[in-house]
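The sequence shown lines up with residues 59 to 428 when you count with the numbering used here.
Here is the structure we will look at.
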Amino acid sequence: MNVSIDIQPAITQRAGVGRYTKQLVQNLPANRGADTLSLVYFDFMRRAIPFDTGDSVQKAVRICPGRVAQLAWKKLGWPPYNSFAGKADVYHFPNFIIPPLSYGKAVVTIHDMSFIRHPAFAEEENLRYLADRINDTVSRADAIITDSHFSAEEIHSIMDIDKEKIFPIHLGVNQTAKDLDPADVAATLHKINVDRPYLLTVGTLEPRKNIPFLIETFEHMIDFDGMLVIAGMPGWKYEPIIERIKTSPKASRIKYLKYVDDRTLSALYAGSELFVTTSIYEGFGLPPLEAMSCGTPVVSSDGGSLPEVLGSAAKVIKGFVPHNWRDGIMDLLNDSKRRSEMSEAGKEHVKQFTWERTAEETWKVYRSLA
Numbered sequence: 059m060n061v062s063i064d065i066q067p068a069i070t071q072r073a074g075v076g077r078y079t080k081q082l083v084q085n086l087p088a089n090r091g092a093d094t095l096s097l098v099y100f101d102f103m104r105r106a107i108p109f110d111t112g113d114s115v116q117k118a119v120r121i122c123p124g125r126v127a128q129l130a131w132k133k134l135g136w137p138p139y140n141s142f143a144g145k146a147d148v149y150h151f152p153n154f155i156i157p158p159l160s161y162g163k164a165v166v167t168i169h170d171m172s173f174i175r176h177p178a179f180a181e182e183e184n185l186r187y188l189a190d191r192i193n194d195t196v197s198r199a200d201a202i203i204t205d206s207h208f209s210a211e212e213i214h215s216i217m218d219i220d221k222e223k224i225f226p227i228h229l230g231v232n233q234t235a236k237d238l239d240p241a242d243v244a245a246t247l248h249k250i251n252v253d254r255p256y257l258l259t260v261g262t263l264e265p266r267k268n269i270p271f272l273i274e275t276f277e278h279m280i281d282f283d284g285m286l287v288i289a290g291m292p293g294w295k296y297e298p299i300i301e302r303i304k305t306s307p308k309a310s311r312i313k314y315l316k317y318v319d320d321r322t323l324s325a326l327y328a329g330s331e332l333f334v335t336t337s338i339y340e341g342f343g344l345p346p347l348e349a350m351s352c353g354t355p356v357v358s359s360d361g362g363s364l365p366e367v368l369g370s371a372a373k374v375i376k377g378f379v380p381h382n383w384r385d386g387i388m389d390l391l392n393d394s395k396r397r398s399e400m401s402e403a404g405k406e407h408v409k410q411f412t413w414e415r416t417a418e419e420t421w422k423v424y425r426s427l428a
């Protein structure tokens, strides 16, 4: 079996689909027998893949800019992707859409249905791109991989796709942060001026994450004299969120960190009293699982797949009523025994989410089509 994976997202995106693609490639089974794997991406400068892929992987870089190819596929339905990628039995496209193919089996990862369920939260250009091509993609896909059973059910019901064609495969969690030394955590937090107990949320600043609601909840917590730390890159329509941070009555105790490296992020997880996500919709939700891996209790909304992914290890609050969230968070802050129990439960729960398992299950999908 010859497998070809489009790794363009891993070349151009640090997080999200890019992170998924990178981790998938790096964790695919090394012992593939007679099976071969090739990685395809577009780069006019022919730069090397910026991460380790192992010695047994073939690379195929194409000098045609990706945007030129995308435009040709959208307007003309030509040339077939095979003409760039070469011959394979199975082609995997990790970023929602299958380009024109003249032969071979097509696997696509559709991470969630947020662009259909909540179009108001999608960037307009991206929304048009997906809306124009998603029906064609699902009709031509031989297999659809998605991040959760929740998303699998949505794809089935919205797109009227046979369930046997859909494969829910949970993502993995990097769990190295659990071994951080407390002294290193304290030193890292001191460097970024996080000098008192804090609540933490992590994620791209965009409307779907519902960060203004979290700020409102924080403002209602009059008995908590700690901080709210928000870590995440600016996303679509981030400006009102930044303005909400600046104009909060508690602005002096809200710290926004635009970008943090992996070490700092791990320290933030490990040092926080609670991790809180008020997201309206998630197809999976990695940050709360990463927090669990560090032993940090998680308070979560019931948006999308979050109840499935977090299970009983998190405190899930339904709806978005500020005083309900305030009370739920304060109850945990005042109950060290419960927080300790949640910490242990979270560390145990997150063990099932490994990138090795994600890659192994994905390879099984390839094999089922060969």
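Cβ coordinates follow ideal geometry from the N, Cα and C atoms, glycine included.
What separation, rounded to the nearest whole angstrom, lies between the Cα atoms of residue i and residue j?
i, j, result
"ALA88", "VAL423", "16 Å"
"LEU229", "LYS221", "20 Å"
"ASP170", "ILE224", "12 Å"
"ALA417", "LEU82", "5 Å"
"THR167", "HIS381", "38 Å"
"THR259", "ASN268", "11 Å"
"GLN116", "ALA244", "43 Å"
"GLY293", "MET388", "30 Å"
"GLU297", "GLY91", "51 Å"
"ALA146", "ALA130", "22 Å"
"THR275", "PRO177", "25 Å"
"MET291", "ASN392", "31 Å"
"THR246", "LYS376", "34 Å"
"SER310", "ILE216", "45 Å"
"ARG125", "ASP385", "49 Å"
"ILE107", "GLN84", "12 Å"
"HIS214", "ARG175", "13 Å"
"ASP242", "ASP319", "14 Å"
"VAL357", "VAL75", "25 Å"
"TYR256", "ILE300", "19 Å"
"SER359", "PHE333", "12 Å"
"THR335", "ILE69", "28 Å"
"ASP66", "LYS395", "The amino acid at residue 66 is misidentified as Asp; the sequence shows Gln. GLN66 and LYS395: Cα-Cα distance of roughly 46 Å."
"TYR327", "PHE342", "18 Å"
"ILE303", "GLY261", "15 Å"
"ARG191", "PRO240", "49 Å"
"ALA289", "GLN71", "17 Å"
Please classify residue i: does DSSP put it in a helix, a strand, or coil?
i, result
"LYS304", "helix"
"LYS117", "strand"
"LEU315", "strand"
"SER215", "helix"
"HIS248", "helix"
"HIS407", "helix"
"ASN184", "helix"
"LEU272", "helix"
"ASP393", "coil"
"ASP220", "coil"
"THR412", "coil"
"MET350", "helix"
"ASP64", "strand"
"LEU238", "coil"
"HIS150", "strand"
"LYS80", "helix"
"LEU97", "strand"
"ASN325", "Note on residue identity: the sequence assigns Ala, not Asn, to residue 325. ALA325: helix per DSSP, three-state reduction."
"TYR424", "helix"
"MET400", "helix"
"ALA164", "strand"
"ILE288", "strand"
"LYS376", "coil"
Select from the options the residue whose C-alpha is nearest the C-alpha of residue i.
i, options, result
"PRO270", "GLU419, PRO255, ALA245 and THR305", "THR305"
"LEU347", "MET400, TYR256 and MET103", "MET400"
"ASP110", "ASN184, ARG302, VAL126 and LEU86", "LEU86"
"GLY361", "ILE338, ARG425, TRP383 and LEU263", "ILE338"
"VAL252", "TYR314, ALA210 and ILE299", "TYR314"
"ARG397", "SER363, ARG384, SER426 and PRO355", "PRO355"
"ASN193", "PHE208, ILE219 and ALA210", "ILE219"
"LEU263", "ASP239, TYR317 and HIS278", "TYR317"
"ASP200", "ILE273, ILE155 and GLY144", "ILE155"
"PHE282", "LEU390, TYR139, ALA68 and GLU414", "LEU390"
"ILE227", "ALA403, ASP190 and SER363", "SER363"
"VAL379", "LEU332, LEU272, GLU402 and VAL196", "LEU272"
"THR412", "SER351, ALA289, ALA403 and PRO240", "SER351"
"ARG186", "PHE173, GLN233 and SER426", "PHE173"
To the nearest whole angstrom, what separates the beta carbons of residue i and residue j, a pair I think is in contact under 8 Å?
i, j, result
"ALA349", "MET59", "That pair is no contact at about 38 Å."
"THR79", "PRO152", "5 Å"
"GLU366", "SER206", "6 Å"
"VAL98", "ALA118", "5 Å"
"MET285", "ARG254", "6 Å"
"LYS295", "PRO265", "6 Å"
"LEU344", "VAL231", "7 Å"
* To do: Check whether the region 314-334 touches the region 154-169, taking contact to mean three or more Cβ pairs, one atom from each stretch, closer than 8 Å.
  => no
* Looking at C-beta atoms only, is the number of pairs between the region 98-105 and the region 176-187 that lie closer than 8 Å three or more? -> Per the Cβ contact rule, the region 98-105 is not in contact with the region 176-187 (fewer than 3 Cβ pairs under 8 Å).
* To do: Answer yes if the region 369-378 comes into contact with the region 404-415, meaning at least three C-beta pairs across the two stretches below 8 Å, and no otherwise.
  => yes
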